[in-house]
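Quick notes on the structure that follows.
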Amino acid sequence: MSAIKVTEVAHSLVSGRLQAGDIAVDATAGNGHDTLLLARIVGKTGEVFALDVQACALATTGSRLKEHGLDQVGKLYQRGHEDLAEVVPGCHHGRVSAVMFNLGYLPGGDKSLITREQTTIVALQQALEILSKGGLCTVVCYPGHEGGAREAAAVARFVKELDPGSYRCQRHDSEHCLNHSPFLLAIEKVCPG
Ligand SMILES: C[S@@+](CC[C@H](N)C(=O)[O-])C[C@H]1O[C@@H](n2cnc3c(N)ncnc32)[C@H](O)[C@@H]1O
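Sequential numbering from 421 applies to the sequence shown in our numbering.
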């Protein structure tokens with residue numbers, strides 16, 4: 421299974437969980453593929469908050485949403501996902517149905533501008549706080565690039581240490597899995613608090 425297939429598993433899990441009218445977050449907007457998926461499902465009665473540190477990523481995401489008539493659904497923020505709980509209004513905390521993370525660098529962009537272990541873990545903590553009961557957080561990790569292995573290991577450790585009474589976690593590995601192959605962690609919040 422290639423990297424693209426791991427992201428497809430994330431799409432499939434989120435599609436099974438999210439409904440029209442829901443609130444969702446794309447914590448790494450990038451080229452907007454995940455934001456578009458979320459916006460398509462929640463539709464005009466829902467809201468998608470999409471964050472990225474790069475203006476060019478948000479411009480691509482905005483154009484993609486516009487092409488599909490969904491630009492009103494997505495709210496785009498040039499902010500780090502470590503500010504997630506600030507970006508998503510307090511009235512939505514505990515009501516967010518899905519948060520997607522697709523770590524690493526912007527495909528076709530600057531490969532030295534990557535997500536980083538420290539901020540990713542802070543963002544994950546906030547993502548789990550704002551999720552609803554039954555909400556889902558997906559994290560696609562890429563150990564193959566420089567800095568990626570450390571970050572992927574830190575995310576895997578963070579997930580392993582979650583309280584099993586509050587979170588149900590699944591790991592999906594790439595087919596023909598090698599040490600550097602991308603993998604997906606899916607975290608379901610089964611019990612708030
Ligand atoms: C693999 S790409 C995301 C792909 C995207 N989800 C898509 O569907 O096209 C990773 C993105 O994370 C962004 N990024 C890096 N550090 C970040 C941070 N602290 N907060 C939010 N986004 C960040 C990068 O700018 C890059 O666009």
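Where is the CB? At the ideal position from N, CA and C, for every residue including glycine.
No experiment lies behind these values; they were computed from the predicted model shown.
Taking residue i and residue j to be in contact with their CB atoms under 8 Å, please state how far apart those CB atoms are, rounded to whole angstroms.
i, j, result
"leucine 556", "alanine 606", "6 Å"
"valine 468", "phenylalanine 521", "Actually they do not touch by this definition, with Cβ atoms about 14 Å apart."
"leucine 504", "alanine 447", "6 Å"
"valine 508", "valine 516", "7 Å"
"aspartate 442", "valine 426", "23 Å between Cβ atoms; not a contact."
"valine 434", "histidine 592", "Rounded, the Cβ-Cβ distance is 13 Å, inconsistent with contact."
"serine 552", "glycine 528", "The pair is not a contact, with the Cβ atoms about 34 Å apart (cut-off 8 Å)."
"lysine 609", "glycine 554", "7 Å"
"glutamate 566", "threonine 535", "Actually they do not touch by this definition, with Cβ atoms about 13 Å apart."
Please state whether the Cβ-Cβ distance between residue i and residue j is less than 7 Å.
i, j, result
"alanine 459", "glycine 494", "yes"
"glycine 500", "valine 473", "yes"
"alanine 477", "glycine 450", "yes"
"leucine 457", "histidine 488", "no"
"histidine 600", "proline 563", "yes"
"cysteine 675", "leucine 598", "One cannot answer for residue 675 here, as it falls past the ends of the chain, which runs 421 to 613."
"glycine 611", "serine 586", "Note that residue 611 is cysteine in the sequence shown here, rather than glycine. Taking 7 Å as the Cβ cut-off, cysteine 611 and serine 586 qualify as a contacting pair."
"glutamine 498", "alanine 479", "no"
Exercise. Would you say the region 536 to 543 touches the region 563 to 576, given that touching needs at least three Cβ pairs under 8 Å?
Worked result: As far as the Cβ criterion goes, the region 536 to 543 touches the region 563 to 576, which means the pair count is three or higher.
Problem set entry | Every unbroken beta strand (DSSP E) inside the region 446 to 480 [3 residues or more] | The region 446 to 480 is shown to contain whole beta strand (DSSP E) runs of 3 or more residues at 467 to 471, in chain order.
Exercise. What are the uninterrupted segments assigned as beta strand (DSSP E) that are 3 or more residues long and contained completely in the region 561 to 603, given in chain order?
Worked result: Counting only runs of 3 or more, we get 587 to 593.
For this session: List in chain order: all unbroken alpha helix (DSSP H) runs of 4+ residues lying wholly within the region 485 to 509.
Result: Within the region 485 to 509, the complete alpha helix (DSSP H) segments at least 4 residues long are 504 to 507, listed from N- to C-terminus.
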